[in-house]
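In the numbering used here, the protein residues as written are 367 to 619.
Shown next, in the form of structure tokens:
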């Protein structure tokens with residue numbers, strides 16, 4: 367999307383349909399840090415590897431992470447697909463700090479009880495699975511001015527709201543499910559997962575998408591007719607011009 371110069375004022379609209387969540391987020395994060403403005407639409411059709419039941423259980427484990435004394439301080443558990451993508455790009459450092467503190471506490475307990483180091487490692491992995499902490503550093507340093515400016519360049523939506531429904535939409539081949547996920551591997555849609563864990567607008571978005579596609583089909587048929595009439599008019603003009611075409615050919619008529 368951008369050459370790496372960090373200078374690009376054009377806004378790129380990305381159609382997130384059938385893109386892998388992690389791969390899409392990492393590529394978008396890099397482009398945002400390089401200065402690219404990005405709009406992501408159809409976030410409800412982003413794919414996650416693994417079946418729906420597996421992903422739902424993983425999200426329910428995430429819901430249990432809260433601040434004991436004041437849960438409103440975080441972590442915030444977003445349900446909407448667009449906000450889940452946004453949080454994936456932004457990331458969080460809270461869990462990493464928690465993991466480090468927990469590791470030191472577990473090591474101190476093992477030393478007091480004179481447990482072998484191997485037992486300490488087993489206890490640590492049992493209490494704090496590594497899979498729950500992969501990528502928790504985040505993809506954007508959002509607490510710095512540079513990271514905050516990068517996040518400000520990002521817009522995420524469910525469906526395709528105006529005016530982006532009339533703009534050219536791009537895909538990211540490096541993140542497409544059909545190119546990156548093994549054939550036959552289980553996957554689920556982010557919108558379906560969100561509807562299972564508390565997002566209540568999945569059906570509404572699907573209805574709006576049906577209406578948008580109907581409008582787009584009408585516009586496409588009209589465009590085809592206009593193109594056909596234009597070609598017919600150009601052919602008629604060429605027949606009338608006849609030998610004069612050779613005269614105006616040097617000016618690339």
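Just so it is clear, CB atoms sit at the ideal spot from N, CA and C, and this is done for glycine as well.
- In this structure, residue 405 lies near residue 521, with their beta-carbon atoms less than 7 Å apart.
- In the DSSP assignment, the residues bridged to residue 413 are 386, 555.
- When only Cα atoms are considered, residue 571 and residue 414 end up about 19 Å apart.
- Residue 379 and residue 407 do touch by the CB rule: their CB atoms are close to 6 Å apart, below 8 Å.
- In this structure, the alpha-carbon of residue 555 lies about 14 Å from that of residue 425.
- Annotation for residue 578: 525, 526, 531 place their beta carbon closer than 8 Å to its own, counting only its chain and skipping 5 residues before and after.
- In this structure, residue 559 sits near residue 421, with a CB-CB distance shorter than 7 Å.
- In this chain, the beta strand (DSSP E) harbouring residue 520 covers 520-522.
- With a cutoff of 7 Å on beta-carbon distance, residue 446 and residue 565 are scored as near each other.
- In this chain, the beta strand (DSSP E) harbouring residue 407 covers 403-407.
- Judged by DSSP in its simplified three-state form, residue 423 adopts helix.
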